[in-house]
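Scroll down for the structure; my scribbles are underneath it.
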């Protein structure tokens with residue numbers, strides 16, 4: 018809640034530039050820097066509007082006073098057009114290089130910054146013009162080469178036209194994940210970092226009240242720092258400040274996980290594990306679903322090695338195992354009872370018959386609906402509804418005047434967000450991502466029908482501001498009584514049927530995920546699982562925790578602590594044989610049936626060369642799905658047409674496959690790519 022400081026409500030406008038993960042129109046809260054600025058101003062009762070522009074336009078607009086300032090930026094004493102605010106955490110600048118590049122004679126041990134840089138004078142270094150990475154590098158002492166943007170330098174690095182690229186650590190990681198996935202695992206960010214460039218707001222001196230705004234922001238920023246909120250925002254975006262890294266603790270494991278209810282229970286109950294294993298410490302890094310995926314893959318992309326345990330899914334497990342990014346989980350104790358794990362769930366997490374992750378929970382997708390609203394409108398939900406029927410039902414139960422919306426759906430753009438649902442919809446209309454020659458098929462009638470139906474549902478019967486809603490946001494909306502229907506993960510049932518967590522626990526019912534024209538691929542298969550990255554030096558401790566957290570013992574512990582309705586679903590047959598669970602979880606037969614029926618190999622009407630229902634098991638898919646998710650959200654919002662969104666997605670997918678050398682290498686087979 019914002020502090021009521023001396024200032025009355027006022028709105029200021031700042032120009033800004035797209036710079037993931039710090040600034041981005043499609044990032045959570047528009048990125049770390051935007052969230053910090055917004056919350057700091059909110060502390061002093063200010064509202065902030067951001068205008069996204071190319072860098073030169075943003076700078077000119079701020080200098081002229083067309084807007085109140087430029088943010089975020091870096092303090093530049095030579096630029097007298099701006100008055101600069103106090104700083105907050107920003108770029109971590111260093112060198113990106115290929116793992117295979119040999120910097121003969123280079124050492125970073127016990128050296129000053131100047132001594133480290135002096136060793137690099139003979140190497141070709143890439144810089145972005147105007148980025149101001151480091152003043153020393155812009156002198157004639159170094160062999161520097163300038164380009165317009167980071168991706169150009171990354172490409173030159175990959176082609177051995179540069180030895181090093183001077184770049185922000187997280188910008189490099191996100192560029193690789195979103196635009197150069199084929200290079201993931203080939204590059205490394207050198208340690209220690211070269212410099213830390215903290216962010217500031219440059220307030221335009223051409224605005225008469227710039228000093229007032231500057232003081233207001235500084236006050237708000239100080240309040241964020243004192244309350245611990247600034248650090249919390251940084252951690253929520255997965256941006257860990259290496260200035261505060263401590264020496265390696267050989268008994269501490271760092272766990273990255275998703276901010277779902279089930280994981281919060283794991284965190285709570287981990288005290289039982291620690292009591293039985295004295296001396297071990299756990300550091301939790303809990304992130305929203307999309308941020309988690311981005312930060313885990315970006316950690317691998319630049320060989321950062323921050324984590325000992327990663328929460329990954331069915332998409333990552335086999336690709337990462339194949340690439341050597343995660344370790345096999347060998348010599349599991351007999352008491353673990355691998356045979357008890359549902360076969361297609363374990364298969365999704367295995368490579369060459371070895372498990373590389375163990376399932377914490379597994380899920381398919383299904384339809385949740387309010388049986389009280391259906392009864393009031395004389396509606397009957399079929400066992401296998403169609404999307405046309407869902408639209409008809411949504412229209413009848415839609416009651417926005419009373420804060421009840423016909424349907425809630427994932428809309429947050431990402432391959433695991435809106436694309437997960439849209440892919441099952443496209444499957445059910447006869448679509449697929451790629452044909453047998455690995456050519457994208459997004460500009461087909463099946464995808465057009467799916468996207469149009471999805472758009473109609475959200476724009477006509479969805480909640481307001483749906484574009485930021487992912488799994489957790491929709492879960493809360495439904496649990497608070499604001500959704501007539503919701504098509505999403507089966508794991509939500511344990512929350513929605515829990516009277517202590519859901520206001521509609523006695524009013525919710527479930528049925529199968531809808532279909533378009535076929536049931537094939539209409540419901541997904543997913544598992545959140547625990548894995549050990551190859552960079553971890555604490556494999557033994559990590560595997561000990563993973564084995565405990567995915568065991569039958571843990572499931573019984575959750576049942577005892579939270580109730581049977583809350584146990585992690587979808588992993589073990591023994592769970593579904595428990596009479597107490599079946600009684601507490603009336604949805605359990607449909608969940609088990611949906612999971613066991615989900616077939617990642619045979620999930621489309623037309624033949625496909627990949628494995629996956631709501632995903633494609635190639636490294637390129639994360640980047641393709643991310644960009645397609647943005648285009649399809651723009652179509653739903655009306656910024657572009659449905660046809661334009663699909664054409665742009667088709668073009669991006671084709672270009673990404675070409676850039677990756679996918680077609681040239683011909684390294685694929687019918688069931689997934691072989692690397």
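Residue numbers (this note's numbering): 18 to 692. Beta carbons: idealized from backbone N, C-alpha and C, even for Gly. Computed from a prediction, not measured in an experiment: that's the story for all the values here.
Query, Result
"Touching by the beta-carbon criterion (3+ pairs, under 8 Å), the stretch 283-300 and the stretch 341-350", "no"
"Separation of residue 540 from residue 618, as counted between CA atoms", "13 Å"
"Three or more C-beta pairs below 8 Å linking the stretch 179-197 and the stretch 111-122", "yes"
"Contact set for residue 322: own chain, Cβ-Cβ below 6 Å, skip 5 residues either direction", "552"
"Whole runs of the beta strand (DSSP E) within the stretch 382-428, excluding any shorter than 3 residues", "382-387"
"Beta-carbon proximity check, residue 61 vs residue 237, cutoff 8 Å", "yes"
"Inter-residue CB distance, residue 216 and residue 89 (contact presumed, cutoff 8 Å)", "4 Å"
"Beta bridge counterpart(s) of residue 70 as assigned by DSSP", "DSSP output for residue 70 lists no bridge partner at all."
"Whole-number beta carbon distance between residue 346 and residue 563, since they are thought to touch under 8 Å", "7 Å"
"Of the listed residues 42, 665, 86, 251, nearest to residue 28 (C-alpha basis)", "86"
"Coarse secondary structure for residue 101, derived from DSSP in three states", "strand"
"Cβ contact (3+ pairs, closer than 8 Å) linking the stretch 192-207 and the stretch 310-322", "yes"
"Contacting residues, own chain, Cβ-Cβ under 8 Å from residue 407 (five flanking each side not counted)", "384, 424, 474, 502, 504, 531"
"C-alpha gap between residue 363 and residue 141, whole angstroms", "47 Å"
"Buried versus exposed, by CB contacts within 10 Å (16 or more), residue 225", "exposed"
"Whole-angstrom distance between residue 333 and residue 547, CA atom to CA atom", "11 Å"
"Option nearest residue 144 by Cα separation, candidates 165, 158, 137", "165"
"Three-state secondary structure (DSSP) of residue 132", "helix"
"Reduced DSSP category for residue 61 - H, G, I as helix; E, B as strand; rest coil", "coil"
"Limits of the beta strand (DSSP E) - the one that residue 377 falls within", "375-380"
"Other residues of its chain near residue 64: CB distance less than 6 Å, five sequence neighbours each side excluded", "28"
"Residue 163: first and last residue of the uninterrupted beta strand (DSSP E) it sits in", "160-164"
"Residue 239 versus residue 95: straight-line alpha-carbon distance, rounded", "26 Å"
"Cα-Cα separation, residue 372 to residue 36", "37 Å"
"Alpha-carbon spacing of residue 192 relative to residue 399, whole angstroms", "45 Å"
"For residue 640 and residue 196, the rounded distance between their alpha carbons", "6 Å"
"Segment contact, 8 Å Cβ cut-off, at least three pairs: the stretch 563-582 with the stretch 590-597", "yes"
"CB of residue 491 within 8 Å of CB of residue 646, strictly", "no"
"Contact check, residue 667 vs residue 460, beta carbons under 8 Å", "yes"
"C-beta contact flag for residue 328 and residue 275 at 8 Å", "yes"
"Nonlocal neighbours in the same chain, by C-beta distance under 8 Å from residue 515, ignoring five residues either side", "522, 580, 582, 583"
"Beta carbon proximity, residue 50 to chain D, threshold 8 Å", "The displayed structure is made up of one protein chain only, and chain D is not part of it."
"Own chain residues within Cβ distance below 8 Å of residue 218, not counting five before or after", "31, 54, 86, 87, 88, 89, 90, 101, 102, 231, 234"
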